[in-house]
Ligand SMILES: Cc1cc2nc3c(=O)[nH]c(=O)nc-3n(C[C@H](O)[C@H](O)[C@H](O)COP(=O)(O)OP(=O)(O)OC[C@H]3O[C@@H](n4cnc5c(N)ncnc54)[C@H](O)[C@@H]3O)c2cc1C
């Protein structure tokens, strides 16, 4: 076998096979939201994700939400079967992790980051990499807001649906105000419910500002083989999960349709009420 090919195989295999890792710390981030920390180094860019494996249960993508010299973490929100099983785990329990996968957000000056709910996890290492970005963090209520104290800057703004923390209303309303008053903002990066990201894109189009969104679709393999995460002609796990304005504007399915575990294309409403 050619020497170079052997080298490539070894490097790829190291990422593709789940490594069994011990949870070194569990941090409660909000109601039904936890971060699991691992004392392992991971080389990744902001916006990339890992596949988290619970044997005999499932394997799901999770954003890398903390990453430094001591290790990394992911943050999850309890939604269905898989995240309920994660929620039952404790410090020193072991899980399988492979990756990182996917592309990453652009790191540009004069950025604004908009996140809804646990979408904050996907933009958190981007915020760490940016120089004093605007941050708009929204959730249903104060108890569902994650990382409320993580970023110390006067440019951090909060929105809750019920007004229990920050402004009562949606992140998109704050975004419109911020873009109206700050003409220097050049890019908006977002993650959260797709309906919110679609609105963020529309606002960016109106203000003629670049937008990048990380799409959280049902995903099975993470490396482009199964096609379960397809949106139009894009495979989210390898072409994304981060897409730019041009790509998002061309996606007729963005904010409208998603695929269930079976691969069936359904309306976004049906997707969120079905058990993916
Ligand atoms: C690239 C990528 C990164 C991700 N990063 C994270 C992360 O950092 N933290 C995290 O908690 N999750 C993240 N997710 C979503 C995660 O992989 C799971 O889909 C989610 O946790 C639900 O899994 P579950 O099995 O518990 O629920 P399921 O049984 O799959 O779903 C239960 C219910 O919730 C709905 N649902 C599923 N996913 C979502 C969603 N994203 N938003 C709203 N409703 C949904 C389903 O339609 C169903 O009604 C990411 C997804 C992708 C593609």
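Residue numbers (our numbering): 21 to 296.
The beta-carbon is built from N, C-alpha and C at its ideal position, and this holds for glycine as well.
In the DSSP assignment, what residue or residues form a beta bridge with residue i?
i           : result
residue 177 : 156
residue 78  : 74
residue 114 : 42
residue 93  : 57 and 86
residue 255 : 250
residue 283 : DSSP, once it has assigned bridges, lists no residue as partnering residue 283.
residue 50  : 53
residue 136 : 158
residue 278 : 286
residue 102 : DSSP output for residue 102 lists no bridge partner at all.
residue 131 : 207
Assign residue i to one of three DSSP states: helix, strand, or coil.
i           : result
residue 232 : strand
residue 224 : helix
residue 185 : coil
residue 291 : helix
residue 264 : strand
residue 240 : coil
residue 27  : With a pLDDT of only 36 at residue 27, under 50, the local geometry of the prediction cannot be trusted, and no value is derived from it.
residue 36  : helix
residue 273 : coil
residue 22  : Any reading at residue 22 must be qualified, since the residue scores a pLDDT of 40, below 50, and its modelled position is unreliable; no value is offered.
residue 125 : coil
residue 119 : strand
residue 208 : strand
residue 190 : coil
residue 108 : coil
residue 168 : coil
Under 8 Å by Cβ, that's how I've got residue i and residue j pegged, so tell me the actual separation to the nearest angstrom.
i           : j           : result
residue 49  : residue 112 : Wrong, their Cβ atoms sit about 20 Å apart, outside the cutoff.
residue 54  : residue 90  : Rounded, the Cβ-Cβ distance is 18 Å, inconsistent with contact.
residue 143 : residue 211 : 5 Å
residue 137 : residue 98  : The Cβ separation is near 12 Å, so there is no contact.
residue 77  : residue 102 : 6 Å
residue 134 : residue 208 : 6 Å
- Item | Cβ contact (3+ pairs, closer than 8 Å) linking the region 135 to 150 and the region 115 to 122 | Because the criterion of three Cβ pairs below 8 Å is not met, the region 135 to 150 and the region 115 to 122 do not touch.
- Inspect the CB distances between the region 177 to 196 and the region 220 to 234 and report whether three or more fall short of 8 Å. yes
- Take every Cβ of the region 247 to 256, pair it with every Cβ of the region 151 to 163, and state whether three or more of those distances are shorter than 8 Å. no
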